[in-house]
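K.L.:
Here the protein sequences line up with chains A and B, keeping their order. At position 141 of the first sequence the residue is numbered 141 (the UniProt record's numbering), and the sequence of numbers has no breaks. At position 72 of the second sequence the residue is numbered 72 (the UniProt record's numbering), and the sequence of numbers has no breaks. Heads up, the beta-carbon is just placed ideally off N, CA and C, and yes, glycines get one too.
Number of protein chains: 2
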Amino acid sequence: MARPKVGLELTEILEVAGELADQYGLQEVTLANLAKELNIRPPSLYNHFDGLPGLRKKLAIYGLNLLYDELAPAAIGVSGAEALLAISKAYVGFARTHPGIYEATLMAPDPEDVDVQQAGAKIVDLSVRVLQAYKLEGDMALHAVRGLRSILHGFSSLEQRGGFKMALDLDKSLEIIITAFIEGIRKGR
Amino acid sequence: MARPKVGLELTEILEVAGELADQYGLQEVTLANLAKELNIRPPSLYNHFDGLPGLRKKLAIYGLNLLYDELAPAAIGVSGAEALLAISKAYVGFARTHPGIYEATLMAPDPEDVDVQQAGAKIVDLSVRVLQAYKLEGDMALHAVRGLRSILHGFSSLEQRGGFKMALDLDKSLEIIITAFIEGIRKGR
DNA sequence: TATTTTAACTAATAACATTAGTTTTATCAA
DNA sequence: TTGATAAAACTAATGTTATTAGTTAAAATA
Chain A
1 MARPKVGLEL
11 TEILEVAGEL
21 ADQYGLQEVT
31 LANLAKELNI
41 RPPSLYNHFD
51 GLPGLRKKLA
61 IYGLNLLYDE
71 LAPAAIGVSG
81 AEALLAISKA
91 YVGFARTHPG
101 IYEATLMAPD
111 PEDVDVQQAG
121 AKIVDLSVRV
131 LQAYKLEGDM
141 ALHAVRGLRS
151 ILHGFSSLEQ
161 RGGFKMALDL
171 DKSLEIIITA
181 FIEGIRKGR
Chain B
1 MARPKVGLEL
11 TEILEVAGEL
21 ADQYGLQEVT
31 LANLAKELNI
41 RPPSLYNHFD
51 GLPGLRKKLA
61 IYGLNLLYDE
71 LAPAAIGVSG
81 AEALLAISKA
91 YVGFARTHPG
101 IYEATLMAPD
111 PEDVDVQQAG
121 AKIVDLSVRV
131 LQAYKLEGDM
141 ALHAVRGLRS
151 ILHGFSSLEQ
161 RGGFKMALDL
171 DKSLEIIITA
181 FIEGIRKGR
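#1: Taking B/R149 as the query, report the chain A residues whose CB atoms sit under 9 Å from its CB, ordered along the chain.
#2: From A/V16 to A/L55, what distance separates their C-alpha atoms?
#3: Rounded to whole angstroms, how far is the Cβ of B/S156 from the Cβ of B/Y91, which I believe are closer than 8 Å?
#4: Give every residue of the same chain whose Cβ lies closer than 6 Å to the Cβ of B/E37, excluding the five residues on either side of it in the sequence, and list them in chain order.
#5: Quick check on B/G93 - is its C-beta less than 7 Å from some C-beta in chain A?
#6: Compare the Cα-Cα distances from B/K172 to each of B/S150, B/L85, B/H98 and B/A32 and report the closest residue.
#7: Counting only Cβ-Cβ distances shorter than 7 Å, please list the residues of the region 115 to 142 of chain A near chain B, keeping chain order.
#8: If you draw a straight line from the C-alpha of B/L174 to the C-alpha of B/L158, how long is it?
#9: Please go through the region 98 to 149 of chain A and give each complete beta strand (DSSP E) segment of 3 or more residues, from N-terminal end onward.
#10: What's the call for A/A2, buried or exposed, on a 16-neighbour Cβ count within 10 Å?
#11: Please tell me whether B/I185 has its Cβ less than 7 Å away from any Cβ of chain A.
#12: Measuring alpha carbon to alpha carbon, tell me which residue in A/F181, A/G163, A/A119 and A/E12 is nearest B/D110.
#13: Checking contacts by CB at 7 Å: is B/S88 closer than that to chain A?
#14: For A/N65 and B/G77, what's the separation of their Cα atoms in angstroms?
#15: Does B/F181 have its Cβ less than 7 Å from a Cβ in chain A?
#16: Would you mind sorting B/A74 into buried or exposed? The rule is 16 or more other CB atoms within 10 Å of its CB.
#17: In chain order, what residues of the same chain have a beta carbon less than 7 Å from the beta carbon of B/R41, not counting five sequence neighbours either side?
#18: Is B/R146 close to chain A? Criterion is C-beta to C-beta, closer than 7 Å.
#19: Please identify the residue among A/G188, A/V116 and A/Q160 whose C-alpha is closest to the C-alpha of residue 204 of chain A.
#20: For the alpha helix (DSSP H) holding A/R186, just list the boundary residues, first then last.
#21: If you count every other CB in all the chains shown that lies within 10 Å of the CB of A/V130, and 16 or more means buried, which is it?
#22: Under 7 Å between C-beta atoms, does B/I61 make it to chain A?
#23: What is the DSSP secondary structure of A/F164, reduced to helix, strand or coil?
#24: Would you say B/I101 faces chain A, with C-beta separation under 7 Å as the test?
#25: Among A/G154, A/V145 and A/L170, which one has its Cα closest to the Cα of B/A180?
#26: So for A/I61, helix, strand or coil by DSSP?
#27: Locate the alpha helix (DSSP H) running through A/E28, then write down its first and last residues.
#28: Measuring alpha carbon to alpha carbon, tell me which of B/L14, B/D22, B/L52 and B/Q23 ends up nearest B/A32.
#29: How about A/G77: is its C-beta nearer than 7 Å to some C-beta of chain B?
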């Protein structure tokens, strides 16, 4: 019993791949660079995942789980606008701290893949629960989730790509945007 | 006089590259594939731009200009919420029609590049003008622009990556999200 | 201790971007 | 029309990458 290598290896590889992604960008996460970092030869990596697409898929799932683990704690003990702002800040914060891993999250070779969908669904479900405090009726709850996700991803993505050039506090922007959006949704019933 | 090849070549190359991107994805826009499509050898492309990074930069600018050319007409003759919804639908529509070119728009090798910034600034300016109808005071106008851009990019990006799985009308989602956001911004003064 | 599995390895191949140097083709001035 | 010039194609070669095949070493298990 106890196979200390089997389970640990893959996680360790993904951690290194994640560091590589955050530090140099996702496009630098190549089998060559990863192998160099791990002091093994590139072909050896095929024992752990199915080539570069396999790595990117596992990295996407790994990243989605990391993201969920940061969002979930932010949502406990609070509700309503407070909870909404808390997970929003956590989301954007994650994208800032882990730009490469966040990018990997959206770059799965096949986004329709069951495992990837499942990891992403946890985050969607979390958003749904936070929005339940607003008692939105019918389809409005679903539209609201789409809006929230659009804002969070769009904001993170644009910030990451240097899209916001104005000298204007980013956290304040986020708070105003989220607050405005949810207020508008409430008025719209 | 009249050098019908000099100017036309580059545009023609970008058109073919754009078709390649839209049809097979941006990652398939390689010098090898592009050269094959143009019936020339890959090294010949270096006479037109500085390698793959050069192509991606030019494709980004080309795409931003295309996008602007679709947004601008949508905004004329209308104002207020009507104009806002018009450019929003045009934006998302462009991302749907030209998924590869839209992606290229955000994938410039150096987003800080002056030419890229300039092409993007036209679109930001257009958003600013449309939002001016709401007479937002002080920084609120700037926050609003950031919010609008986040929504439009986030929505397009998530839709493109199959992020919205629910059987729920996408255009209706967009309309509700944009309307809610701008209403919330107005209330927040 | 013997077997089996895991994970490393070497060697080789194909696709790609890129550089250097050359040739063809087209433009334009005399 | 012709000769000079510039643009844009070419061939050849190199280095990096992912990938496959086949092999070996090491660890876990029976």
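P.N.:
Reading from the atomic positions:
#1: G154, F155, L158, G163 and F164
#2: 12 Å
#3: At roughly 7 Å, the Cβ-Cβ gap stays under 8 Å, so B/S156 and B/Y91 are in contact.
#4: V16
#5: no
#6: B/L85
#7: Taking 7 Å as the Cβ-Cβ cut-off against chain B, the residues of the region 115 to 142 of chain A that qualify are D139 and L142.
#8: 12 Å
#9: none
#10: Any reading at A/A2 needs caution, since the residue's pLDDT is 39, under 50, leaving its predicted position unreliable; the model's value is listed next. With fewer than 16 other Cβ atoms within 10 Å, it is exposed.
#11: yes
#12: The residue with the shortest Cα to Cα distance from B/D110 is A/G163.
#13: no
#14: When rounded, the distance between both Cα atoms is 47 Å.
#15: yes
#16: Burial state of B/A74 is buried, judged by a 10 Å Cβ sphere holding 16 or more other Cβ atoms.
#17: Counting only residues of its own chain and dropping the five nearest sequence neighbours on each side, B/R41 has a CB closer than 7 Å to the CB of A35.
#18: Answer yes: the Cβ-Cβ gap between B/R146 and chain A drops below 7 Å somewhere.
#19: There is simply no residue 204 of chain A to check, as chain A begins at 1 and stops at 189 in what is shown.
#20: L170 to K187
#21: buried
#22: no
#23: coil
#24: no
#25: A/V145
#26: Helix, per DSSP.
#27: Here A/E28 belongs to no alpha helix (DSSP H), and DSSP marks it neither H nor E.
#28: B/L52
#29: no
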